[in-house]
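Positions in the sequence shown are counted from 1; adding 1 to them yields my numbering.
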Amino acid sequence: TSSSSYGRAIYFNAASVNDSIVGCTLNTGNQSSTSSNHSCISTSTSGGNYNNLVIQNNTLNGSCGIYYLYSSSSTTTGFVLENNTINAYYIGTYYFYNFNGVTIRKNTVNATGGASSYMGMYYIYLSGSTPSDISYNSIKGFYGYGLYVSYPSGTSLTNKSKIMNNVIISNPSTMAYYGMMVYYARYTDIINNTVITVGPNAASNSYGSGYFYQMYNGNRIMNNLFANYAKGNPINANYPSGYSDNEYDY
2 TSSSSYGRAI YFNAASVNDS IVGCTLNTGN QSSTSSNHSC ISTSTSGGNY
52 NNLVIQNNTL NGSCGIYYLY SSSSTTTGFV LENNTINAYY IGTYYFYNFN
102 GVTIRKNTVN ATGGASSYMG MYYIYLSGST PSDISYNSIK GFYGYGLYVS
152 YPSGTSLTNK SKIMNNVIIS NPSTMAYYGM MVYYARYTDI INNTVITVGP
202 NAASNSYGSG YFYQMYNGNR IMNNLFANYA KGNPINANYP SGYSDNEYDY
């Protein structure tokens with residue numbers, strides 16, 4: 002469904018508890034806009050509870066695949082996004098906020114808008130200490146952020162979040178942000194990811210393929226490939242002092 006103004010396929014008004022979207026093909030319009038108007042799955046911006054929401058084995062074609070899952074009053078648990086194909090003109094997924102442990106695995110997120118395709122999986126904001134699993138995702142062709150995760154956490158060196166085995170390839174026309182950005186991680190393994198920034202010309206500007214900011218205790222960043230064939234660094238990092246049990250081997 003689509004028009005010049007609206008083209009939402011599935012819209013949740015404020016909450017979705019114990020719901021599933023499985024095996025669907027959702028088609029909406031193509032617009033270069035950070036809005037829910039042409040998203041395949043969207044929710045009210047006033048926030049709600051999305052406990053045990055499962056989005057699995059779907060094909061989403063539109064301006065934005067999933068827009069604005071915002072938990073305002075309580076921390077959402079049990080969220081699963083798995084085995085989906087998202088063909089996004091502008092943004093693959095946008096703003097998952099206040100989630101306590103997520104499973105985001107084996108999704109393919111493709112940019113379909115060329116120079117208009119902005120972000121792949123943007124701003125996954127995690128709360129609480131339940132480990133998350135963000136693994137085996139393929140995100141390709143966007144000029145902005147590929148994968149942006151804030152506050153991934155676990156409870157110990159044996160109970161950790163995972164950001165592993167993801168493939169992210171940015172393709173900027175004039176500028177790229179970070180292919181993978183991780184903020185404020187604690188007890189998180191970031192392992193075996195491939196993050197590459199390529200551009201159609203050598204004048205492309207890039208902040209960096211990977212950026213790790215304020216990494217607290219108990220993290221491992223190991224066996225990843227960061228490559229930047231545009232202008233910019235392969236990796237940028239900021240580690241506060243006074244934290245232990247971290248391992249870094251790029």
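Where is the CB? At the ideal position from N, CA and C, for every residue including glycine. None of these values were measured; they are calculated from a predicted model.
Where the beta strand (DSSP E) containing residue i begins and where it ends
i: S40; result: S40 to T44
i: R221; result: R221 to M223
i: C65; result: T60 to Y71
i: A10; result: Note, A10: premise wrong, no beta strand (DSSP E); not H, not E.
i: Y96; result: T86 to F100
i: Q215; result: It is not in any beta strand (DSSP E) - Q215 carries neither H nor E in the DSSP assignment.
i: S17; result: Where S17 is concerned, there is no enclosing beta strand (DSSP E), given that its DSSP letter is neither H nor E.
i: G233; result: K232 to N239
i: T113; result: Unbroken run through T113: none, as it is neither H nor E.
i: T195; result: T195 to T198
i: T104; result: V103 to R106
i: N229; result: L226 to N229
i: T288; result: Given a span of 2 to 251 for the chain in the structure shown, any question on residue 288 remains unanswerable.
i: L82; result: F80 to E83
Cutoff 8 Å: residue i Cβ touching any chain B Cβ
i: G155; result: Among the protein chains of the structure shown there is no chain B, as only one such chain exists.
Rounded distance between the beta-carbons of residue j and residue i, thought under 8 Å
i: S72; j: Y98; result: 6 Å
i: M223; j: I192; result: 5 Å
i: T77; j: Y95; result: Wrong, their Cβ atoms sit about 16 Å apart, outside the cutoff.
i: L158; j: Y188; result: 7 Å
i: I170; j: V199; result: 7 Å
i: T131; j: N101; result: 5 Å
i: L27; j: A16; result: So it is not a contact: roughly 20 Å between Cβ atoms.
i: N225; j: N194; result: 5 Å
i: L70; j: T44; result: 6 Å
i: K107; j: I135; result: No, K107 and I135 are not in contact; Cβ-Cβ is about 11 Å, not under 8 Å.
i: G24; j: N58; result: 5 Å
i: M122; j: L148; result: 5 Å
Other residues of its chain near residue i: CB distance less than 6 Å, five sequence neighbours each side excluded
i: G8; result: T2, T29, G30 and H39
i: N19; result: N53
i: I125; result: F97 and V150
i: F227; result: V196, S210, G211, P235 and I236
i: I87; result: L61, G66, G93 and V110
i: C41; result: A10, L27, T29, L61, G63 and G66
i: Y230; result: V199
i: I105; result: L82 and I135
i: M120; result: I92, F143, G145 and Y146
i: Y68; result: S37, S40, S43 and Y95
i: M216; result: A186 and Y240
i: P153; result: L127, S133, S162, A186 and T189
i: F13; result: T44
i: V55; result: S21 and V81
Beta-carbon proximity list for residue i, same chain, < 8 Å, skipping 5 on both sides
i: Y212; result: Y179, M181, M182, V183, I236, N237 and A238
i: N160; result: P132 and Y188
i: N84; result: Q57, N58, R106, K107 and N108
i: V103; result: F80, V81, L82, F97, I125, L127, S133, D134 and I135
Residue i beta carbon near the ligand GTP (any heavy atom closer than 7 Å)
i: P153; result: With respect to the ligand GTP, the structure offers nothing, as it holds no ligand at all.
With a cut-off of 8 Å, do at least 3 Cβ pairs link the stretch 101-117 to the stretch 132-139?
Using a C-beta cut-off of 8 Å, the stretch 101-117 makes contact with the stretch 132-139, since at least three inter-stretch Cβ pairs fall below that distance.
Quick one: complete beta strand (DSSP E) runs, 3+ long, within the stretch 118-191?
Correct list: 120-127, 134-136, 139-141, 148-151, 162-165, 168-171 and 176-184.
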